[in-house]
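First residue of the sequence shown? That's 22 in this note's numbering, and the numbers climb one at a time after it.
Cβ atoms here follow ideal geometry from the backbone N, Cα and C, with glycine treated the same way.
Presented below is the structure to which this report refers.
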Amino acid sequence: DGMGQLKIVSGGIQLTGQAMVLDILRASSIRSKHGQPISIESSRNFSVNTRDSEGYLENQLFLGHDRLEVLANHFRVADTHGTSLFSVDRDEVTVGASSLRVEGEGGVIFRDSIQTPLVRAEAGKDLKLESPTRSLEARATQEIFMQSRAGSIEANCLNDLKLHSVAGSIRLDASTIIMPNLRTAQAPSASSSGSSRDHSSGSSSTSTSSSSSHSKIYQLCACSNGKLFLAPAHSICTADDSAISGRQADVIHTLTNISTNPPTYDHFVWTSGKRKAGGIIFPTQA
Numbered sequence: 022d023g024m025g026q027l028k029i030v031s032g033g034i035q036l037t038g039q040a041m042v043l044d045i046l047r048a049s050s051i052r053s054k055h056g057q058p059i060s061i062e063s064s065r066n067f068s069v070n071t072r073d074s075e076g077y078l079e080n081q082l083f084l085g086h087d088r089l090e091v092l093a094n095h096f097r098v099a100d101t102h103g104t105s106l107f108s109v110d111r112d113e114v115t116v117g118a119s120s121l122r123v124e125g126e127g128g129v130i131f132r133d134s135i136q137t138p139l140v141r142a143e144a145g146k147d148l149k150l151e152s153p154t155r156s157l158e159a160r161a162t163q164e165i166f167m168q169s170r171a172g173s174i175e176a177n178c179l180n181d182l183k184l185h186s187v188a189g190s191i192r193l194d195a196s197t198i199i200m201p202n203l204r205t206a207q208a209p210s211a212s213s214s215g216s217s218r219d220h221s222s223g224s225s226s227t228s229t230s231s232s233s234s235h236s237k238i239y240q241l242c243a244c245s246n247g248k249l250f251l252a253p254a255h256s257i258c259t260a261d262d263s264a265i266s267g268r269q270a271d272v273i274h275t276l277t278n279i280s281t282n283p284p285t286y287d288h289f290v291w292t293s294g295k296r297k298a299g300g301i302i303f304p305t306q307a
């Protein structure tokens with residue numbers, strides 16, 4: 022029947038207690054008695070290998086004193102229901118959990134591209150996307166939507182901030198639109214205003230108000246190079262200062278006040294003298 026704690030039973034050998042294997046142990050199945058644990062110990066490292074029919078190594082599990090290595094073409098972690106939680110192969114890494122949490126002060130570094138439908142910060146914490154030494158791009162085939170539900174959206178840059186639309190328009194929709202640093206053009210001299218009035222008669226429209234309110238009401242004018250400047254409401258939309266207008270008496274667009282009470286106006290209307298498409302839209306109020 023056996024020898025000591027080693028017994029020969031139907032289908033194999035039963036060992037009661039502990040056993041020390043000094044060389045190679047080959048077995049098709051190793052299991053513990055029902056309801057009892059099984060433990061395998063090694064004083065140096067532990068390896069589990071599988072080979073093909075020709076004896077070549079296919080997969081390997083290596084457990085050393087400072088590392089755990091797995092050699093396989095495909096690695097997969099699943100839950101008790103068989104649902105894949107994590108899988109790795111040569112082509113991709115798949116995370117099947119509902120969310121991926123990365124903790125650590127260094128964050129996550131991706132040396133190549135990443136594709137994901139959602140990047141979300143933990144509740145109550147900020148989300149930061151940063152490129153310390155290079156550029157950061159956000160591209161989409163259809164739309165890019167930015168929303169701040171309880172705060173502001175701020176964009177800062179060292180050089181120019183450009184808004185460019187190929188086929189559509191740039192819309193500024195707010196109850197108050199503030200441009201605090203626009204330069205104010207000086208009224209042209211009497212000799213030049215007569216000739217400039219004929220040139221710009223079809224491209225500007227001014228609001229009528231009393232002489233006491235002229236100092237508070239301005240026209241918002243645009244040059245052919247796209248620069249915006251302010252001009253007195255009662256004068257033509259032109260400037261003698263080439264630093265402001267870029268090209269004297271060559272005004273394409275004019276923004277004029279349409280309020281019936283000039284001192285309390287808060288919006289402009291866009292009028293065009295030459296261009297018909299594109300431009301900046303300032304929504305007006307009824």
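Query: Residues in the same chain with beta-carbon distance under 6 Å from Gly267, minus the five sequence neighbours each way, listed in chain order, please.; Result: Low per-residue confidence applies at Gly267: pLDDT is 45, beneath 50, and the placement is therefore not dependable enough to give any value.
Query: With respect to the beta strand (DSSP E) encompassing Glu312, which residues constitute its N-terminal and C-terminal limits?; Result: Any question about residue 312 goes unanswered here, given that the chain covers just 22 to 307.
Query: If we count the other Cβ atoms within 10 Å of its Cβ and call it buried at 16 or more, is Cys242 buried or exposed?; Result: buried
Query: Measuring alpha carbon to alpha carbon, tell me which residue in Thr115, Ala142, Ile199 and Lys183 is nearest Glu124.; Result: Ala142
Query: Can you give, in chain order, each stretch of the beta strand (DSSP E) that sits fully within the stretch 79-150 and has at least 3 residues?; Result: 89-92, 96-99, 105-109 and 114-116
Query: Once you ignore the five residues that flank Val203 on each side, which residues in its own chain have a CB closer than 7 Å to its CB?; Result: Note on identity: in this sequence residue 203 is Leu, with Val being the wrong assignment. Excluding residues within five positions, the ones whose Cβ falls inside 7 Å are Leu249, Phe250 and Leu251.
Query: Thinking C-alpha only, which one of Gly145, Lys146, Arg97 and Phe166 is nearest Gly117?; Result: Arg97
Query: With a threshold of 6 Å on Cβ separation, who are the neighbours of Phe83 within its own chain once the five nearest residues in sequence on each side are excluded?; Result: Ser68 and Glu90
Query: If Leu78 and Asn70 are in contact, beta carbons under 8 Å, what's the gap, nearest whole angstrom?; Result: 6 Å
Query: By a C-beta neighbour count over all protein chains shown, 10 Å radius and 16 as the cutoff for buried, is Cys258 buried or exposed?; Result: buried
Query: Could you name the residues that DSSP lists as bridge partners for Val42?; Result: For Val42, which the question treats as bridged, DSSP gives no partner whatsoever.
Query: Quick one, are the C-beta atoms of Ser53 and Ile59 less than 8 Å apart?; Result: yes
Query: For my contact list, Leu182 and Ala188 are in at a C-beta cut-off of 8 Å; report their separation, rounded to the angstrom.; Result: Leu182 to Ala188, Cβ: 21 Å. No contact.
Query: According to DSSP, Asn70 sits in a beta bridge with which residue or residues?; Result: Gln81
Query: Are Ser108 and Thr101 touching if we call contact CB-CB under 8 Å?; Result: no
Query: Going by the DSSP bridge assignment, what does Met200 pair with across the sheet?; Result: According to DSSP, Met200 bridges with nothing at all.
Query: Near His95, what residues of its chain come up, given a Cβ to Cβ distance below 6 Å and the 5 sequence neighbours on each side ignored?; Result: Asp110
Query: So, using beta-carbon positions, are Leu92 and Ala99 closer together than 8 Å?; Result: no
Query: If you compare alpha carbons, which of Gln163, Ser196, Ile130 and Leu184 is closest to Ser152?; Result: Ile130
Query: Taking C-alpha atoms, which residue in Tyr239, Ser186 and Arg192 lies nearest to Glu201?; Result: The displayed chain sequence assigns Pro, not Glu, to residue 201. Considering only alpha carbons, the answer is Tyr239.
Query: Tell me the residue span of the beta strand (DSSP E) that contains Leu27.; Result: Leu27 to Val30
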